[in-house]
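Let me begin by presenting the structure, written as C-alpha cells, before commenting on it.
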Amino acid sequence: MQGDTTIHNARLDTNNTFFVFCKPDTSIKLTKADSILSKSDSLSFRYFFDYSFKKSANYNADSAQATRKSMFTTHQLQVKSEKPYARQAYQNDWIVLILLLCFSLLAWVLIFSRKRVMQIISATFTNRTINQLIRDGDLFKERIAVAFAIIYYLIFTLFLFQASHYYLNFKQLELYTFLFYLKMLAAIFGFHLFKQLVTKFIGNVFKNNSATYVYLLNVFIFNIFMGLILLPLVIFMVYSKGPINSFTTNLSIGLVVVLYVIRYIRSVFIGVSFSKFSHIYLFLYLCTLEILPVLILIKIIIGLIDSKM
595 MQGDTTIHNA RLDTNNTFFV FCKPDTSIKL TKADSILSKS DSLSFRYFFD
645 YSFKKSANYN ADSAQATRKS MFTTHQLQVK SEKPYARQAY QNDWIVLILL
695 LCFSLLAWVL IFSRKRVMQI ISATFTNRTI NQLIRDGDLF KERIAVAFAI
745 IYYLIFTLFL FQASHYYLNF KQLELYTFLF YLKMLAAIFG FHLFKQLVTK
795 FIGNVFKNNS ATYVYLLNVF IFNIFMGLIL LPLVIFMVYS KGPINSFTTN
845 LSIGLVVVLY VIRYIRSVFI GVSFSKFSHI YLFLYLCTLE ILPVLILIKI
895 IIGLIDSKM
C-alpha cells in the first residue's frame, strides 16, 4: 500500500523466544488515498506474518537481525569407520515371488479339491484316513500332488535357508543369495528322489510293494502337512526382527522336529503291521535313509558353527 512502513523495536524483546509482527506504522498519516478509496482495505490487515525462533549468540539488537543454529548439525549416530567401504546390498525380492507362487497354488488346491485336502490333513494323525485315501484313488497321480510337492520343496528349502541364516548369518558369509537357495533346493530334491528310488528298489527286492506304497504315502502326507504349517511361519522368519524372529525360528524348528519324530514312529508301525516285512530290514532302512542323513546334516551345521566361532 502507498505510504506503508514497518517498524520493529528489538530492544524491547527480553525473552528467549520473540515474535516478529509486521504491521503498518500508525504514526504516519496518509495524505492521499489510493485507488481503492479506502484507508483500511482488505490488504491492510493487522499482522502480515508471524513466526518465532530462538535467540543465538550472534543476535544483534541494534541491527534487529537474528540468526539461529541449524537443527541438522547434531545427531546420535556413532562413527564406526572413517574409511569408505563397498556397500553390500542383499535383495530378497525373489522370496516374495516364491511365497506368492506357494499361496497361489494353495488357493487353487483349496478351491477345486477342498475335501481331498481335509482328508490329507486328517490322515496325518489317523491311520483310518490313510486307508480311505488309498481307496479313493492314487494320490501320487492326482494334480494336487504336484501342487503340494512344489509347495513343500519351496517352503521347506526356504525354512532351512532362513534357519541357517539365523544361526550362521549368511549375509556375512555372502551366502544370502538366490543362487545358494537354488543349490539347497536341488540338494533336498535330489536326496528325496534318491531315497524314494531306493525305497521302491527295496520293496521290489523283498516283494513288499504294498508296504512300500503305504510308507511312501505316509511320508508324502507328512511332507504336505509340514509345508502347510511352515508356509505362514516362514513369512515371520523372513520379514520379522528381534524377539519375534527368534521365537518364530525356534518354534518352526521345534515343529519340524516333532513332525519328523511322529513320522518315524508311524513308519515303524506301518512296517510292523505287514507280516512279510522283516523288522531287521525295517531297522536298517530307517537308520540308513532316515536317521543317518539327519545326523550328517547336524554334523555339517555344527562344523560350520565351530569354524565361524
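When you read off a place in the sequence shown, starting at 1, and then add 594, the result is the number in my numbering. Note that the Cβ used here is the ideal one computed from N, Cα and C, for glycine as well.
Next item on the list: Tell me where the alpha helix (DSSP H) around N571 begins and ends.
Entry: This structure leaves residue 571 out entirely; the chain is present only between 595 and 903.
Check: Is the CB-CB distance between S758 and F764 below 9 Å?
Finding: Yes, the Cβ-Cβ distance between S758 and F764 is below 9 Å.
Checklist line | Limits of the unbroken alpha helix (DSSP H) element including G731 | finding: Looking at the DSSP string, G731 is not in any alpha helix (DSSP H), and its letter there is neither H nor E.
Note to self: Let me check understanding here. Comparing Cα to Cα, which of L849, V690 and S716 lies closest to F772?
What the structure shows: That would be V690, whose Cα lies nearest to the Cα of F772.
Note to self: Quick check on this structure: which residue in G797, L825, N812 and Y761 has the alpha carbon closest to the alpha carbon of Y854?
What the structure shows: The shortest Cα separation from Y854 among G797, L825, N812 and Y761 belongs to N812.
Margin query: Closer than 8 Å is the cut-off here; do at least three beta carbon pairs connect the stretch 848-863 with the stretch 810-827?
Written below: Judged by Cβ distances under 8 Å, the stretch 848-863 makes contact with the stretch 810-827, as three or more pairs qualify.
Next item on the list: Compare the Cα-Cα distances from A780 to each of G836, S834 and I744 and report the closest residue.
Entry: The candidate whose alpha carbon is nearest that of A780 is I744.
Next item on the list: Return yes when the Cβ of L693 is within less than 9 Å of the Cβ of I714, no when it is not.
Entry: Contact: no.
Checklist line | Cα-Cα separation, R640 to K677 | finding: With a pLDDT of 44 at R640, under the threshold of 50, the predicted position of this residue should be treated as unreliable, though the coordinate-derived value follows. Their Cα atoms are separated by approximately 56 Å.
Next item on the list: Decide if R708 is buried, meaning its Cβ has at least 16 other Cβ atoms within 10 Å, or exposed.
Entry: Its Cβ having fewer than 16 others within 10 Å, R708 is exposed.
Notebook entry, point to check: So F865 is in the alpha helix (DSSP H); what residue range does that whole segment cover?
Noted result: What sits at residue 865 in the sequence shown is Gly, not Phe. Where G865 is concerned, the enclosing alpha helix (DSSP H) stretches over P837 to S867.
Note to self: DSSP three-state label for S804, please.
What the structure shows: Three-state result, S804: helix.
Checklist line | Delimiting residues of the alpha helix (DSSP H) encompassing N798 | finding: Unbroken alpha helix (DSSP H) run through N798: F772 to V799.
Next item on the list: Return helix, strand or coil for Q756, following the three-state DSSP convention.
Entry: Three-state result, Q756: helix.
Next item on the list: Just confirm the distance between the C-beta atoms of Y809 and T793, as a whole number of angstroms; I'd bet it's less than 8 Å.
Entry: Between Y809 and T793, the beta carbon gap of about 7 Å places them in contact (Cβ cut-off 8 Å).
Check: Rounded to a whole number of angstroms, what is the C-alpha to C-alpha distance between L699 and L827?
Finding: CA-CA distance, L699 to L827, rounds to 17 Å.
Next item on the list: Tell me whether E676 sits in a helix, a strand or coil according to DSSP, three-state version.
Entry: Assigned with DSSP and collapsed to three states, E676 falls in coil, not helix or strand.
Next item on the list: Grab me the residues of L704's own chain with a C-beta within less than 7 Å of its C-beta, minus the 5 sequence neighbours each way, in chain order.
Entry: Within the same chain, L704 has close Cβ partners V711.
Margin query: Considering Cα atoms alone, identify which of I864, Y858 and S867 is closest to I885.
Written below: Of the listed residues, the one whose Cα sits closest to I885 is Y858.
Next item on the list: Report yes if the CB atom of Y775 is closer than 9 Å to the CB atom of W702, and no otherwise.
Entry: No, the pair does not count as a contact, with Cβ atoms beyond the cut-off.
Notebook entry, point to check: So, are the CB atoms of T843 and Q756 less than 9 Å apart?
Noted result: A contact, by the Cβ cut-off of 9 Å.
Check: Which of the three DSSP states, helix, strand or coil, is assigned to K709?
Finding: Here K709 sits in helix by DSSP.
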